[in-house]
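Here the protein sequences line up with chains A and B, keeping their order. Counting in numbering that gives the first Met the number 0, the final residue of the first sequence is number 397, and the numbers go up one at a time with none missing. Counting in numbering that gives the first Met the number 0, the final residue of the second sequence is number 263, and the numbers go up one at a time with none missing. Worksheet for the structure shown next.
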Amino acid sequence: MVNIRIIAEKCIGCKICIRNCPFDAIKVENKKAFILENCTLCGSCVSSCKFEAIEFERDENKGTVDLSSYKGVWVFAEQKNGVPAQVSYELLGAGRKLADQLNVSLSAVIVGSNLDDAIKELIAYGADNVYVVDNQALKDYNDELYSDVLTQLIQQYKPEIVLMGATTYGRSLAPRVSSRLNTGLTADCTGLEIDTEKRLLLQTRPAFGGNLMATITCPNHRPQMSTVRPKVMKPLDKDVSRTGQIIRPEIKLPDEIHTKVIETVSTACEMVNLTEADIIVSAGRGIGDPKNIKLVEELAQVLGGAVGASRAVVDAGWIEYSHQVGQTGKTVCPKVYIACGISGAVQHLAGMSSSDTIIAINNNPDAPIFKIATIGIVGDVLEILPLLINEFKARLGK
Amino acid sequence: MNVIVCVKQVPGTNEVKINKETNTIIREGVEAILNPFDAYAVEEGLRIKDKTGGKVTVISMGIPSVVDMLKETIALGADEAVLLSDRAFAGADTLATSYALSMGIRKIGNYDLVICGKQASDGDTAQVGPSLAEKLNIPHATNIRKIEELKEGYIRCQRLTDDGYEIIEMSLPAVITVVKEINEPRLPSLKGMMKAKKATIPVWTAADINADTERCGLKGSPTQVIKTFVPVHEIKSELIEGKPSEQASKLAEKLLSMRFIKCV
Chain A
0 MVNIRIIAEK CIGCKICIRN CPFDAIKVEN KKAFILENCT LCGSCVSSCK FEAIEFERDE
60 NKGTVDLSSY KGVWVFAEQK NGVPAQVSYE LLGAGRKLAD QLNVSLSAVI VGSNLDDAIK
120 ELIAYGADNV YVVDNQALKD YNDELYSDVL TQLIQQYKPE IVLMGATTYG RSLAPRVSSR
180 LNTGLTADCT GLEIDTEKRL LLQTRPAFGG NLMATITCPN HRPQMSTVRP KVMKPLDKDV
240 SRTGQIIRPE IKLPDEIHTK VIETVSTACE MVNLTEADII VSAGRGIGDP KNIKLVEELA
300 QVLGGAVGAS RAVVDAGWIE YSHQVGQTGK TVCPKVYIAC GISGAVQHLA GMSSSDTIIA
360 INNNPDAPIF KIATIGIVGD VLEILPLLIN EFKARLGK
Chain B
0 MNVIVCVKQV PGTNEVKINK ETNTIIREGV EAILNPFDAY AVEEGLRIKD KTGGKVTVIS
60 MGIPSVVDML KETIALGADE AVLLSDRAFA GADTLATSYA LSMGIRKIGN YDLVICGKQA
120 SDGDTAQVGP SLAEKLNIPH ATNIRKIEEL KEGYIRCQRL TDDGYEIIEM SLPAVITVVK
180 EINEPRLPSL KGMMKAKKAT IPVWTAADIN ADTERCGLKG SPTQVIKTFV PVHEIKSELI
240 EGKPSEQASK LAEKLLSMRF IKCV
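What follows is the structure, encoded as C-alpha cells:
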C-alpha cells in the first residue's frame with residue numbers, strides 16, 4: 000500500500016514541510032505535523048524534512064516489462080508539407096546527448112508524404128537512423144492515423160526513450176500513444192538528463208505556471224516518453240557529411256478511420272507562429288486603443304517576429320485569441336520577448352517568464368513585469384514604439 | 000445529445016508567490032477553484048443541451064470536498080455530477096487519472112460527447128483528454144475553438160493549431176478538449192442555485208466503478224516525481240533611462256548586439 004506518514008517522535012513541529020508542500024496539504028497542531036487528505040503523494044515534503052520525520056512508502060509497481068529489451072533514443076520529427084518542424088532539430092540535439100550517454104543510437108521517426116529531403120536534413124542534424132513511413136494517406140497530421148502508426152513502430156522496434164515536441168500536435172499525439180502503450184509521459188519538459196547508473200531519463204518540467212520545477216522519472220515502464228517545449232533545446236550544427244541508415248518499416252493502416260481533417264487554414268501567414276518564434280512583440284492594455292495594435296504588429300514585422308497579447312487585450316476583442324500568451328493562452332519561450340504596455344499579471348508571466356531576454360516597456364515603474372525583465376524602459380509605450388520601429392528600420396536598412 | 004464534462008479542482012493560482020528568503024511557495028489564503036479551462040467545457044456542454052436537449056453530466060476525481068465545486072456546476076445547469084473519490088486514487092499521474100475517469104464514464108454510460116478543458120492550470124500537461132479518449136477507445140480532438148456541426152454520430156469542429164486552425168470531422172462518441180475562445184461561460188441562475196443546494200453528489204470509490212486498484216493512484220502511475228524545486232531566476236535587470244528617443248536608440252542597439260535579429 001502506498002502511504003505517507005509523520006513519525007511523531009521525530010517531528011518537532013518546525014513547519015518547514017508546510018512551506019515545501021505545493022498543495023497546502025500539511026498542517027501543524029500541537030507541534031506535530033499532520034498530512035491532510037488533499038495530499039497528492041508528490042513527496043516534496045520528504046526531502047525537506049531535516050529530521051527524517053516523514054516516511055514515504057511506495058511499493059513500486061514493477062510492471063511486467065522487460066526493460067532491457069528496449070534500446071535507443073527516438074525523436075518523433077513533426078513535419079508539415081515534408082518540412083520538419085524546427086523543434087525536431089532541437090530534439091535531435093537533445094537526443095544526441097542522451098544517446099551518447101547511454102551508448103545507444105539516435106533515431107528520427109518521420110511520418111508523412113514526400114519525405115526524401117526531410118530525411119537528409121534529419122541525418123545532417125544528428126540522426127543515426129531514420130524510420131520513414133511515407134504514404135500519401137499520411138501527408139497531413141491526423142491524430143488517429145499518426146497515433147496508430149507511431150504505436151506500431153514503438154511496439155516493433157522498442158526504443159527506451161521517445162521524445163516529441165510539445166507542439167499542438169505533439170501534445171495530442173504523445174498522450175494518445177503513451178496511453179495505448181500504458182507507459183509514462185511527461186509533458187512540456189525543459190530539461191532532460193540521464194541517470195547513468197540506473198539508465199533512467201530525468202525529465203524536468205515546470206508546474207504551477209513555472210513557480211515550481213519537478214523532476215520526473217518513469218522507472219518501470221517503457222518507453223520513457225516526453226514532450227519537450229520548443230525553443231529550449233539546442234540543435235546541433237548541420238553537417239551534411241553525416242551518414243545515417245534509412246529504414247522503411249511495413250505499417251498497416253487501420254481499415255476504418257473515425258477522424259478526418261477536412262481543411263487546414265493557416266492564419267499565421269503574415270506573422271510567424273508564436274510557439275516557434277525567436278522574437279515576440281506582445282501587446283498589453285497599456286497600448287490604450289485597438290488601433291495601436293498596428294504599432295506592435297509593425298515592430299514584430301520589422302524584427303521578423305510574432306505578435307503576442309495579454310489576456311486583457313484579447314478579452315477586449317482587440318486581437319484574436321490565438322495571440323494570447325499566458326495561463327489560458329499559449330506558453331512561449333522566445334529568445335526575445337518585448338512586452339509593450341503589459342503590467343505582468345501572474346497568469347501572463349506563467350506563459351512567458353522562461354523567455355531568454357524579456358524587455359518591458361511600461362509607464363508604471365512598479366508594474367510586476369519589471370521584476371522579471373532583463374531590460375526595462377519606463378515610459379509611454381505609444382511614444383517609444385514608433386521611435387523603436389524607426390530605429391530598427393534605419394539600422395536594418397528597411 | 001448526452002454530454003459528459005470532465006473537470007478538475009485546482010488551487011487558485013493568483014496567490015502563488017515565492018518567498019525570496021526561504022525560496023518556497025507562499026500559499027496565503029489560496030482557495031480551490033474550478034480549473035479555468037473547464038469552465039468553458041461545462042459551458043459548451045450546457046450549450047449543446049440547450050440546443051439539442053439531452054443531459055449534461057459532470058465528473059471529477061478528487062478529495063471529498065470537491066463535491067462543493069461540483070454543486071456549482073449544477074447551479075450552472077448541469078443535470079448531474081459525480082465525484083470519484085478514494086484513497087486508492089491519490090497520487091495519480093495522467094495515465095492513472097485517465098483510467099479512473101474512463102471507468103467512471105463507462106459507469107455513467109450512454110454518452111455522445113466527452114468535453115474536457117484544454118489543460119489544468121496546476122499541471123499544465125493537457126494529457127488527460129487524449130489519454131482518456133484512448134482508454135475509452137474513441138477518437139479525440141484537442142484545442143477546439145468552435146463546434147460547427149453536431150448531430151447523431153457526427154461532429155465537425157475547428158481546432159486551433161500552432162499556425163492557424165483546422166476543421167476536423169469525427170464520429171461520435173468522441174472526446175474534445177476546448178480552449179477559451181469557444182464560448183463565454185454563463186453565471187449561475189437563481190433556480191440553478193436552489194437546485195444545487197438540494198443536490199446530492201454521488202461519490203464513487205474505485206470499487207463502485209470496478210476499477211482495478213493496481214491501475215489507480217500512485218500505484219497505477221508509471222511516472223514518479225523524484226524531486227521538486229523552486230527555480231532560481233537570476234535576473235540582472237537593467238533600466239534604460241533618458242529621453243524617449245535615447246531609450247529607443249539604446250534598446251535597438253542592445254537588441255541588435257544580441258544578433259537574434261536578422262537583416263532580411
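Idealized CB from N, CA, C, for every residue including glycine.
Exercise for review: Would you mind telling me which residues of chain A sit closer than 8 Å to B:A89, beta carbon to beta carbon, in chain order?
Suggested key: V1, C38, T39, L40
Check your understanding: Under 9 Å Cβ-Cβ, which residues of chain B neighbour A:D365?
Key -> Near A:D365 there are no residues of chain B at all, since even the closest Cβ is about 13 Å away, more than 9 Å.
Check your understanding: Between A:Y336 and chain B, is there a C-beta pair that is closer than 7 Å?
Key -> no
Practice item. With DSSP collapsed to three states, give me the class of B:T270. Key: Nothing in the structure corresponds to residue 270 of chain B, since chain B is present only between 0 and 263.
Point to revise | Limits of the unbroken alpha helix (DSSP H) element including A:A93 | key: 85 to 101
Check your understanding: So the alpha helix (DSSP H) B:E71 belongs to, where does it begin and stop?
Key -> 65 to 75
**Study point:** Nearest residue (CA-CA) to A:I5, options A:V45, A:V380, A:V231
**Key:** A:V45
Exercise for review: Compare the C-beta of B:N22 with all C-beta atoms of chain A and state if any pair is closer than 7 Å.
Suggested key: Unreliable positioning characterises B:N22 in this predicted model, as indicated by a pLDDT of 49, which lies under 50. A coordinate reading is not provided.
Review point. Cα separation between B:D161 and A:T166?
Key: 7 Å
Review point. Taking Cβ positions, are A:S171 and B:P129 nearer each other than 7 Å?
Key: yes
Point to revise | Endpoints, the alpha helix (DSSP H) within which A:F369 is located | key: 368 to 371
Point to revise | Given A:G209 as reference, the closest of A:Y69, A:N361, A:Q346 once Cα atoms are compared | key: A:Q346
Check your understanding: Buried or exposed: which applies to A:P174, given that a residue is buried once 16 or more other Cβ atoms fall within 10 Å of its Cβ?
Key -> buried
**Study point:** Contacts around A:D277, its chain only, beta-carbon distance under 6 Å, and the 5 residues preceding and following it disregarded
**Key:** P333, K334
Review point. A:S67: buried (16+ other C-beta within 10 angstroms of its C-beta) or exposed?
Key: exposed
Review point. Does any residue of chain B bring its CB to less than 7 Å from the CB of A:N80?
Key: no
Exercise for review: Please decide whether A:E77 counts as near chain B, where near means a Cβ-Cβ distance under 7 Å.
Suggested key: no
Practice item. Between the Cα of B:A173 and those of A:Y124, A:K259, A:L381, spot the shortest distance and give me the residue it belongs to. Key: A:K259
Exercise for review: Measuring only between beta-carbons, confirm whether A:I193 sits less than 7 Å from chain B.
Suggested key: no
Check your understanding: Can you name the residues of chain B whose CB is closer than 7 Å to the CB of A:I383?
Key -> P243, Q246, A247
Review point. Quick one: complete beta strand (DSSP E) runs, 3+ long, within the stretch 188 to 260 of chain A?
Key: 190 to 194, 199 to 206, 211 to 216, 223 to 227, 244 to 246
**Study point:** Identity of the residue in A:Q223, A:A136, A:L144, A:C10 nearest B:P264 by Cα
**Key:** What is shown of chain B runs 0 to 263, which leaves residue 264 of chain B out entirely.
Review point. Going by DSSP, which residues form a beta bridge with A:E28?
Key: A:K31
Review point. First and last residue of the alpha helix (DSSP H) that includes A:Y130?
Key: Unbroken run through A:Y130 is the beta strand (DSSP E), 128 to 133; no alpha helix (DSSP H).
Point to revise | Rounded C-alpha distance that separates A:Q100 from A:T182 | key: 23 Å
Exercise for review: Please report the residue range of the beta strand (DSSP E) in which B:G61 lies.
Suggested key: Careful: B:G61 lies outside any beta strand (DSSP E) and carries neither H nor E.
Point to revise | Assigned exposure category for B:S248 - 16 Cβ within 10 Å defines buried | key: buried
Check your understanding: Is the beta carbon of B:V224 sitting closer than 7 Å to the one on A:G42?
Key -> yes
Check your understanding: Rounded to the nearest angstrom, how far is the Cβ of A:G285 from that of A:G325, given a contact under 8 Å?
Key -> The pair is not a contact, with the Cβ atoms about 15 Å apart (cut-off 8 Å).
**Study point:** Below-7 Å beta-carbon distance, A:W317 vs any chain B residue
**Key:** no
Point to revise | Cβ-based contacts, 7 Å cut-off: residues of the stretch 151 to 166 of chain B near chain A | key: L159, T160, D161, D162, G163, Y164, E165, I166
Point to revise | Three-state secondary structure assigned by DSSP to A:Q154 | key: helix
Exercise for review: Check whether the Cβ atoms of B:L83 and B:G103 lie closer than 7 Å to each other.
Suggested key: yes
Check your understanding: Counting Cβ pairs closer than 8 Å, one from the stretch 247 to 254 of chain A and one from the stretch 306 to 316 of chain A, do we hit at least three?
Key -> no
Exercise for review: Would you list, in chain order, the members of the stretch 165 to 188 of chain B that have their beta-carbon closer than 8 Å to a beta-carbon of chain A?
Suggested key: E165, I166, I167, E168, M169, S170, A173, V178, K179, E180
**Study point:** Own chain residues within Cβ distance below 6 Å of A:W73, not counting five before or after
**Key:** S106, V108, P158, V161
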